[in-house]
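Quick notes on the structure that follows.
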Amino acid sequence: NAGVTQTPKFQVLKTGQSMTLQCAQDMNHEYMSWYRQDPGMGLRLIHYSVGAGITDQGEVPNGYNVSRSTTEDFPLRLLSAAPSQTSVYFCASSPDWSTDTQYFGPGTRLTVL
Amino acid sequence: AQRVTQPEKLLSVFKGAPVELKCNYSYSGSPELFWYVQYSRQRLQLLLRHISRESIKGFTADLNKGETSFHLKKPFAQEEDSAMYYCALTGSARQLTFGSGTQLTVLP
Chain A
855 NAGVTQTPKF QVLKTGQSMT LQCAQDMNHE YMSWYRQDPG MGLRLIHYSV GAGITDQGEV
915 PNGYNVSRST TEDFPLRLLS AAPSQTSVYF CASSPDWSTD TQYFGPGTRL TVL
Chain B
388 AQRVTQPEKL LSVFKGAPVE LKCNYSYSGS PELFWYVQYS RQRLQLLLRH ISRESIKGFT
448 ADLNKGETSF HLKKPFAQEE DSAMYYCALT GSARQLTFGS GTQLTVLP
């Protein structure tokens with residue numbers, strides 16, 4: 855099993871550009887989520903999904919969109935990047951929506967200029 | 388609303404000394420509490436959870452509902468324990484809320 859994979863590892867964007875951060879898992883987990891990690895603020899939940907076709911907002915959803923068309927994939931879209939979105943993004947998955955033992959991806963470091 | 392507070396951003400101890408990483412939470416119901424750890428160049432991973440009442444790598448954590456705390460302890464720190472530690476909580480919303488993290492450095 856590859857576990858949770860994320861691409862790209864690093865990305866630099868200009869303000870206003872759009873992009874999609876990819877996340878995939880091969881463990882057949884129903885629950886998937888996106889976090890951003892900022893210095894001094896820990897990890898904050900952006901969006902999550904309890905299964906294919908179902909998504910919901912977390913603590914900091916503004917500026918981000920998600921979709922869950924398959925169990926395996928949970929992409930995160932930035933429609934118009936802003937410098938405030940400079941962060942490290944982590945995708946995670948767990949067997950069910952009880953969120954016990956989340957498995958994290960390696961992260962994507964995003965810089966918005 | 389649920390909230391997790393880790394008051395120490397940085398913590399340094401010498402090898403062999405006891406270590407305690409503090410975690411306080413705010414939640415009106417019965418929370419589930421976790422400690423996650425991120426070693427250098429590795430993924431964030433679960434260290435332990437209170438419901439399991441287990442000891443992992445010599446670490447333990449006791450839930451104190453009266454003080455709303457879930458401090459992480461280890462009697463004898465090792466250099467390989469150096470990492471970023473996050474306390475986390477889930478409540479009725481089943482969303483995982485993290486604290487801001489404590490960077491532990493174990494000095495030789």
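Chains A and B, in that order, give the protein sequences.
All residue numbers for the first sequence refer to the numbering used here, where the first residue is 855 and numbers rise by one.
All residue numbers for the second sequence refer to the numbering used here, where the first residue is 388 and numbers rise by one.
Heads up, the beta-carbon is just placed ideally off N, CA and C, and yes, glycines get one too.
Return the bridge partner residues of Gln432 of chain B from the DSSP annotation.
B:Val424
8 angstroms Cβ cut-off: residues of chain B touching Met895 of chain A
Ser487
Would you identify the three-state DSSP class for Ser923 of chain A, choosing helix, strand or coil?
coil
Per DSSP, which one or two residues make a beta bridge with Leu933 of chain A?
Leu933 of chain A is not bridged to any residue.
Residue from A:Cys945, A:Asn916, A:Pro929 whose Cα sits closest to the Cα of Ser938 of chain A
A:Asn916
Measure the CB-CB distance between Ala470 of chain B and Tyr423 of chain B and report whether it falls below 7 angstroms.
no
Assuming Ser934 of chain A and Gln891 of chain A form a contact by the criterion Cβ under 8 angstroms, report the distance between their Cβ atoms to the nearest whole angstrom.
Not really, about 22 angstroms apart at Cβ, beyond 8 angstroms.
With burial defined as no fewer than 16 other Cβ atoms inside 10 Å of the residue's Cβ, what is the status of Thr964 of chain A: buried or exposed?
Correcting the residue identity first, residue 964 of chain A is Leu in this sequence and not Thr. When all chains shown are included, Leu964 of chain A counts as buried.
Could you tell me whether any Cβ in chain A is nearer than 7 angstroms to the Cβ of Arg430 of chain B?
yes
Are the beta-carbon atoms belonging to Arg931 of chain A and Ser903 of chain A less than 7 angstroms from one another?
no
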